[in-house]
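Residue numbers (the UniProt record's numbering): 1 to 208.
Backbone N, C-alpha and C define an ideal beta-carbon position, used for all residues, glycine too.
Since the model is a prediction, treat every value here as computed from it, not as a measurement.
Shown next, in structure tokens, is the structure this report addresses.
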């Protein structure tokens, strides 16, 4: 195309009055990504150093996939109230398109402020059970609809006061705490047909 006017130099940011023919090349996002990774691989090959692999002590952890976290009263709190079709589009993007998220960890609500908000417990007190409080059940169901093979993990950020017999450390009474967590797992299956694959972490489980 023929262009008449002022052209800006990309290096010095100065303006030069020019009249001439300019070919404008527009790169789409895909080409930009290819260019970026091409440069990255080139630099990696040129500057990379050799390193030895040794499996004498055994193999390390395997890569199980990209995971998502819903907890802290914040990360997915607003999603449940999004209007359609936007809510479903977001869920499809997260859990259906190429099965992007393969692992979903959710907070087991504990009636306490855990980061930016409070997520309700399924047991406000010892004789109370309600497996429909909060939005984590809904999110796990929606994820499972889109990817039946997704891995589900539960983790308590906090506990209701009765779990620790009024103390600030629930692990002093591991039987009560374990029963509380197990009831959440069983409730997920009974009321939502959700199989929880993992719960807690290595330190958390050692206490039990």
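query: Which one of 132, 159 and 192 has the shortest CA to CA distance from residue 176?; result: 159
query: Below 8 Å, can you find three or more Cβ-Cβ pairs linking the stretch 134-142 to the stretch 181-199?; result: yes
query: On the criterion of 16 or more Cβ atoms from any shown chain inside 10 Å, does residue 78 qualify as buried, or is it exposed?; result: exposed
query: Kindly list the residues whose CB is nearer than 7 Å to the CB of residue 164, restricted to its own chain and excluding five residues on each side of it in sequence; keep chain order.; result: 170, 172 and 173
query: Rounded to a whole number of angstroms, what is the C-alpha to C-alpha distance between residue 63 and residue 102?; result: 11 Å
query: In the structure shown, what three-state DSSP assignment does residue 209 receive?; result: An answer regarding residue 209 cannot be provided, because it is not within the stretch 1 to 208 covered by the chain.
query: Going by alpha carbons, who is nearest to residue 107 out of 181, 155 and 182?; result: 155
query: State the CB to CB distance for the pair residue 296 and residue 183, rounded to an integer number of angstroms; the pair is presumed to be in contact (CB under 8 Å).; result: This structure gives no information on residue 296, because the portion of the chain shown stretches from 1 to 208.
query: Work out the CA separation of residue 50 and residue 187 for me, nearest whole Å.; result: 51 Å
query: Could you check what DSSP says for residue 178 in three-state terms: helix, strand or coil?; result: helix
query: What are the boundary residues of the alpha helix (DSSP H) that includes residue 145?; result: 136-146
query: Would you identify the three-state DSSP class for residue 85, choosing helix, strand or coil?; result: coil
query: Can you grab the Cα-Cα spacing for the pair residue 131 / residue 61, in whole Å?; result: 34 Å
query: Since residue 113 sits in a beta bridge, which residues does DSSP pair it with?; result: 118
query: Rounded to whole angstroms, what is the Cα-Cα separation between residue 127 and residue 98?; result: 43 Å
query: Given a cut-off of 8 Å, decide if residue 90 and residue 152 are closer than it, judged by their beta-carbon atoms.; result: no
query: On the criterion of 16 or more Cβ atoms from any shown chain inside 10 Å, does residue 167 qualify as buried, or is it exposed?; result: exposed
query: On the premise that residue 115 lies in contact with residue 68, defined as a C-beta separation below 8 Å, what is that separation, rounded to the nearest angstrom?; result: Actually they are not in contact, since the Cβ atoms of residue 68 and residue 115 sit about 16 Å apart, beyond 8 Å.
query: Let's test the definition: count the other Cβ atoms within 10 Å of the Cβ of residue 181 and tell me whether it reaches 16, buried, or not, exposed.; result: buried
query: Starting from the Cα of residue 133, find the closest Cα among 144, 80 and 119 and give me that residue.; result: 119
query: Where do the ends of the beta strand (DSSP E) carrying residue 156 lie?; result: 151-156
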